[in-house]
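S.K.: Just dropping this structure here.
Spelled out as structure tokens, the structure:
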């Protein structure tokens, strides 16, 4: 596979013409600083957020307090659409990993947008592909799963290489223990990725791809 081969599902904005996405992002601009909460698990799905700039992580907390980092999302994404489709509470909390700019789109406006652009089926297919992504990152050798997760993070961020992430974040994402992540980072080596206390730096996308045969 070439280095241009994408490992992540294209964002929501890829489903519509650029001018339509721009129109959607004109609704009620709002800014969140890194570390702030954009959407909260358990709250009502009254609106979605169109992510214009920045990077977020989607985290679900179980009844026992266990946390799963379900996904990373970057520019061009819609956040919180599942609660609107299911007509219930939000299933996860969305946190800003960097400063983020969003557009607030109320439920009726977003649903009208979906109808006008016939996006019901494309959204369903996207959800299915993302479920597949979540499954893939939890299967196989830990160092390969970690490589896939980091490569996808680079892609959804638009090519960034430095991220505000801890080993615990990565452990919650690929469903292993923190020590397993540390061992996987050692196996990948500093020529591929470097990890600080709360920051992960991808050194070589090419070498990470070689790790997974992509």
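Numbering (this note's numbering), first residue to last: 1065 to 1278. Glycine residues also receive a C-beta, built at the ideal position from the N, C-alpha and C atoms.
1) CA-CA distance, residue 1179 and residue 1172?
2) Measure the beta-carbon distance from residue 1154 to residue 1106 and round it to whole angstroms, keeping in mind my assumption that it falls under 8 Å.
3) According to DSSP, which residues form a beta bridge with residue 1142?
4) Where do the N-terminal and C-terminal ends of the beta strand (DSSP E) with residue 1165 fall, by residue?
5) Would the region 1096–1113 count as touching the region 1204–1221 if we require 3 or more Cβ pairs under 8 Å?
6) Restricting to Cα atoms, I'd like to know which of 1255, 1261 and 1264 is closest to residue 1270.
7) Determine the extent of the alpha helix (DSSP H) in which residue 1273 is found, giving its start and end residues.
8) Inspect the beta-carbon positions of residue 1141 and residue 1115 and report whether they are closer than 8 Å.
9) Give the straight-line distance between the Cα atoms of residue 1094 and residue 1181, rounded to the nearest whole angstrom.
10) So what's residue 1094 in DSSP terms, helix, strand or just coil?
11) Could you check which residue in 1210, 1168, 1274 and 1099 has the C-alpha nearest to that of residue 1236?
12) Helix, strand or coil: which one does DSSP assign to residue 1179?
13) When you compare only the Cα positions, how much space is there between residue 1249 and residue 1120?
14) Is the beta carbon of residue 1073 closer than 8 Å to that of residue 1203?
15) With burial defined as no fewer than 16 other Cβ atoms inside 10 Å of the residue's Cβ, what is the status of residue 1199: buried or exposed?
16) Would you tell me roughly how many angstroms separate the C-alpha atoms of residue 1077 and residue 1187, rounded to the nearest one?
17) Please work out which residues of its chain come closer than 6 Å, Cβ to Cβ, to residue 1206, disregarding the five sequence neighbours upstream and downstream, and give them in chain order.
18) Please list the terminal residues of the continuous beta strand (DSSP E) segment that includes residue 1258.
19) Tell me the DSSP secondary structure of residue 1239 in three-state form.
20) Between residue 1260 and residue 1230, what straight-line distance do the alpha-carbon atoms span, to the nearest angstrom?
21) May I ask you to check if the CB of residue 1161 is nearer than 7 Å to at least one heavy atom of the ligand GTP?
M.R.: Considering the structure as presented:
1) Here the question's residue 1179 lines up with position 115 in the chain shown. Here the question's residue 1172 lines up with position 108 in the chain shown. Between residue 1179 and residue 1172, the C-alpha separation is close to 11 Å.
2) Position 90 of the chain shown, counted from the start, is the residue given in the question as residue 1154. Position 42 of the chain shown, counted from the start, is the residue given in the question as residue 1106. The Cβ separation is near 6 Å, so the contact holds.
3) Your numbering for residue 1142 matches position 78 in the chain shown. Answer is 1114.
4) The sequence position of residue 1165 within the chain shown is 101, counting from 1. That run of the beta strand (DSSP E) goes 1164–1170.
5) no
6) For the purposes of this step, residue 1270 is taken as residue 206 along the chain shown, with counting starting at 1. Comparing alpha carbon positions, the residue from 1255, 1261 and 1264 closest to residue 1270 is 1255.
7) Sequence index remark: in the chain shown, residue 1273 carries index 209 (1-based). Here the alpha helix (DSSP H) through residue 1273 covers 1269–1276.
8) For the purposes of this step, residue 1141 is taken as the residue at position 77 of the chain shown. For the purposes of this step, residue 1115 is taken as the residue at position 51 of the chain shown. Yes, the pair counts as a contact, with Cβ atoms nearer than the cut-off.
9) Taking the chain shown and counting its residues from 1, one reaches residue 1094 at position 30. Taking the chain shown and counting its residues from 1, one reaches residue 1181 at position 117. Spanning the two alpha carbons is a distance of roughly 25 Å.
10) As a first step, residue 1094 is located in the chain shown; it is residue number 30 there, counting from the start. Note: residue 1094 maps to strand in three-state DSSP.
11) Sequence index remark: in the chain shown, residue 1236 carries index 172 (1-based). Per the Cα distances, 1210.
12) What you label residue 1179 is simply residue 115 of the chain shown in a count that begins at 1. Of the three classes helix, strand and coil, the one that applies to residue 1179 here is helix, per DSSP.
13) The residue labelled residue 1249 in the question sits at position 185 within the chain shown. The residue labelled residue 1120 in the question sits at position 56 within the chain shown. Near 22 Å, if we compare the C-alpha coordinates of residue 1120 and residue 1249.
14) Position 139 of the chain shown, counting from 1, holds the residue named residue 1203. Position 9 of the chain shown, counting from 1, holds the residue named residue 1073. No, Cβ-Cβ distance for residue 1203 and residue 1073 is not below 8 Å.
15) Position 135 of the chain shown, counted from the first residue, corresponds to residue 1199. Burial call: exposed.
16) Within the chain shown, numbered from 1, the residue matching residue 1077 stands at position 13. Within the chain shown, numbered from 1, the residue matching residue 1187 stands at position 123. Roughly 11 Å separates the two Cα atoms.
17) Taking the chain shown and counting its residues from 1, the one referred to as residue 1206 is at position 142. Excluding residues within five positions, the ones whose Cβ falls inside 6 Å are 1240, 1244 and 1248.
18) As a first step, residue 1258 is located in the chain shown; it is residue number 194 there, counting from the start. Residue 1258 -> beta strand (DSSP E) spans 1257–1259.
19) Within the chain shown, the letter at position 175 stands for residue 1239. Coil, per DSSP.
20) Residue 1260 sits at position 196 when you count from the first residue of the chain shown. Residue 1230 sits at position 166 when you count from the first residue of the chain shown. Distance between the alpha carbons of residue 1260 and residue 1230: 8 Å.
21) Here there are no bound small molecules, and the ligand GTP is not part of this structure.
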